[in-house]
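Numbering (full-length UniProt numbering), first residue to last: 1 to 491.
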Amino acid sequence: MAGCSWPGLATGVSAPAATPRGLHFPESPRGWAKVLQYGGMSSGPSRLGALSGRCPTQAAQQIGTGLPSPSRPSPGPQAAPPRLGPESHLPERILRGPLCVLTPRPAVHAGVPPADAPTLRLHPGVCALGRPQRAAPGKEMPGKQPEPRPAAAVASEHDTKDSLGGLTPEELQQGQEAALALEERMALGAQTLVHAEVEQLYQEVRPLGQGRFGRVVLVTHCQKGASTGTGTTMALKQLPKTSTSLRSFLYEFCVGLSLGTHPAIVAAYGIGIESADSYSFLTEPILHGDLIAFIQPKVGLTPSEAAQRCAAQLASALEHIHALGLVYRDLKPENVLVCDPTCQHVKLADFGHTRPRGTLLRLAGPPIPYTAPELCALPPLPEGLPIQPALDAWALGVLVFCLLTGYFPWDQPLEDTDPFYEDFLVWRASRQAQDRPQPWFGLAPAADALLWELLDPHPRRRSPVGAVRGYLGQPWRQQDEEASGLKEGRQ
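This is the structure we're talking about:
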């Protein structure tokens, strides 16, 4: 990771040679019987499969593929299997479902349909949620413990932020500046679009990915070695005009350009193309698929050094995005591209859902594991919740859990409907070992502490993504901790 302050970890990991398809997992007392489909990055249509079992949200139409969930005994009755809805209303791909079920995602994180252009609505007096220090009654919870703060200062800070929707003036200004910069860049981008047919400029080498709203292909320039195979290869993302407006295209294109160069973010080239039936832009090519192909069901990403390296690189990318006044809002393995066969280096891609800090957002569908709890609650303002980087910290915590276990920690962050999330809250409240949820049994104390910081249900107490840095080099799985202890004992 040249140019990145995050330490790199040297141990490599190989992608599974073959992934079982049509896995059947026995029915548990709670009715977790599933027939799942799981696969790597596809160059054809998006991966779809079947899911049957508990459906906590009856309104959610699920089409799933993916990783299994652990059973959880319960005397409650088994819910009826969910009805499989049409694919037409879903974006391409996402992890969804009870403990690592892969599904296309409804537009739950977006205040507007994914194909539409965002309207950057920043409340004139709204600012982002702060993070007052947490209290730690009783036993110490995993992770760092804060210094006490004067009650009057905390109360004053809370009153100010609550009256403004939760942001400080500095954070609000940062988001407004980012929004204005994007608008200016979009206006310039509209004037510099190349008007030509893609086939006249570039020769397709092979498909890299296909989705409902577009496709990504590997191309070379027609006039620079395409015929001899010596031309520079690039990735071309092509979006049909039937599902993409000019403003929506310009927004995604310009967000990528605004991020500049970062070792863990896919580099965007400043070339936008408008043809008769599509919009296109060019990025650096990433040829080894997405991260989900490297996550083994019920195992995660191995070895553990690879999981730490991946978490560190993604946290660094998110810190860079946040420093520019933006919130990524779409962290998932399918948006993490792998640069080499051994997963030494990953890069964040797909910035269509990225928004300036303070943009007002309302939940537009059923929540998924990555949805932060504050999005599921009544928003502090009629227009919605002013988004802030804590949303990305929550999603990073869920992703780290998936990397370490091969499961989702829960289906939805809703205490009343999801028993796995309820178990997690009980454990946080009691801090007792006997309340530790079953999916967490294989994690070491360092991983517990990190995840407790990133998955704090209260955004003001949630640690930023940079918290990952403090836990690198420590065992994250119990088996690694035991192996380290045995090694030290032999020395």
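All C-beta atoms, glycine included, are put in the ideal place defined by N, C-alpha and C.
What is the DSSP secondary structure of residue i, reduced to helix, strand or coil?
| i | result |
| --- | --- |
| Gly466 | helix |
| Glu284 | coil |
| Lys139 | The predicted model places Lys139 with a pLDDT of 39, which falls under 50 and marks its position as unreliable; any figure quoted below should be read in that light. Reduced to three states, the DSSP call for Lys139 is coil. |
| Val266 | coil |
| Glu204 | strand |
| Val336 | strand |
| Pro356 | strand |
| Arg212 | coil |
| Ser245 | coil |
| Gln238 | strand |
| Val426 | helix |
| Trp476 | coil |
| His458 | coil |
| Ala483 | helix |
| Gly397 | helix |
| Glu274 | strand |
| Asp290 | strand |
| Gln412 | coil |
| Val327 | strand |
| Thr405 | helix |
| Leu318 | helix |
| Leu257 | helix |
| residue 497 | The structure shown does not extend to residue 497, since the chain spans only 1 to 491, so no value can be given for it. |
| Tyr370 | coil |
| Pro380 | coil |
| Leu301 | coil |
| Pro439 | helix |
| Tyr471 | helix |
| Pro389 | coil |
| Gln296 | strand |
| Leu375 | helix |
| Leu193 | coil |
| Leu218 | strand |
For residue i and residue j, what's the separation of their Cα atoms in angstroms?
| i | j | result |
| --- | --- | --- |
| Leu451 | Trp476 | 10 Å |
| Pro356 | Phe253 | 15 Å |
| Glu422 | Trp440 | 14 Å |
| Leu399 | Pro366 | 19 Å |
| Pro457 | Leu318 | 20 Å |
| Leu375 | Ala449 | 24 Å |
| Leu425 | Arg329 | 23 Å |
| Thr302 | Gln344 | 12 Å |
| Leu361 | Gly384 | 5 Å |
| Gly189 | Ile295 | 38 Å |
| Met234 | Leu282 | 7 Å |
| Arg469 | Leu250 | 34 Å |
| Ala349 | Phe408 | 22 Å |
| residue 494 | Thr354 | Given that the chain is displayed from residue 1 to residue 491, the structure contains no residue 494 and the question cannot be resolved. |
| Leu403 | His195 | 43 Å |
| Val255 | Thr244 | 16 Å |
| Val198 | Gly175 | 35 Å |
| Leu472 | Lys347 | 19 Å |
| Arg431 | Ala483 | 26 Å |
| Glu415 | Pro373 | 10 Å |
| Pro437 | Thr359 | 35 Å |
| Gly352 | Ser248 | 8 Å |
| Glu171 | Pro459 | 15 Å |
| Ile368 | Pro169 | 31 Å |
| Pro389 | Val266 | 20 Å |
| Ala306 | Gly300 | 10 Å |
| Lys34 | Pro413 | Confidence is the limiting factor: at Lys34 the pLDDT is only 27, short of 50, which leaves the residue's position unreliable and the question unanswerable from this model. |
| Val205 | Gly211 | 18 Å |
| Glu453 | Phe401 | 13 Å |
| Leu208 | Gln478 | 37 Å |
| Ala467 | Ser316 | 10 Å |
| Gly231 | Ala187 | 31 Å |
| Glu184 | Lys298 | 46 Å |
To the nearest whole angstrom, what separates the beta carbons of residue i and residue j, a pair I think is in contact under 8 Å?
| i | j | result |
| --- | --- | --- |
| Ala364 | Val465 | Actually they are not in contact, since the Cβ atoms of Ala364 and Val465 sit about 24 Å apart, beyond 8 Å. |
| Val327 | Leu391 | 6 Å |
| Gly406 | Leu455 | In fact, because the Cβ distance is near 17 Å, the residues do not count as touching under 8 Å. |
| Cys222 | Leu201 | 6 Å |
| Tyr279 | Lys332 | No, Tyr279 and Lys332 are not in contact; Cβ-Cβ is about 24 Å, not under 8 Å. |
| Trp410 | Phe420 | 4 Å |
| Leu259 | Ile321 | 7 Å |
| Leu324 | Ala178 | 6 Å |
| Leu180 | Pro386 | Wrong, their Cβ atoms sit about 17 Å apart, outside the cutoff. |
| Asp418 | Ser304 | About 27 Å; that fails the 8 Å criterion. |
* Asked: Pairing CB atoms from the stretch 366-382 with CB atoms from the stretch 297-313, are three or more of them under 8 Å?
  -> Fewer than three Cβ pairs drawn from the stretch 366-382 and the stretch 297-313 lie within less than 8 Å of each other, which leaves the two stretches out of contact.
* Asked: Are three or more beta carbon pairs between the stretch 283-290 and the stretch 324-338 nearer than 8 Å?
  -> Touching, per the Cβ criterion.
* On the three-pair Cβ rule with 8 Å, is the stretch 441-450 touching the stretch 270-282? -> In this structure the stretch 441-450 does not touch the stretch 270-282; the number of beta carbon pairs closer than 8 Å is below three.
* Asked: Okay, do the stretch 200-219 and the stretch 232-250 touch, 3+ Cβ pairs below 8 Å being the bar?
  -> Note that the stretch 200-219 touches the stretch 232-250; at least 3 beta-carbon pairs, one per stretch, sit closer than 8 Å.
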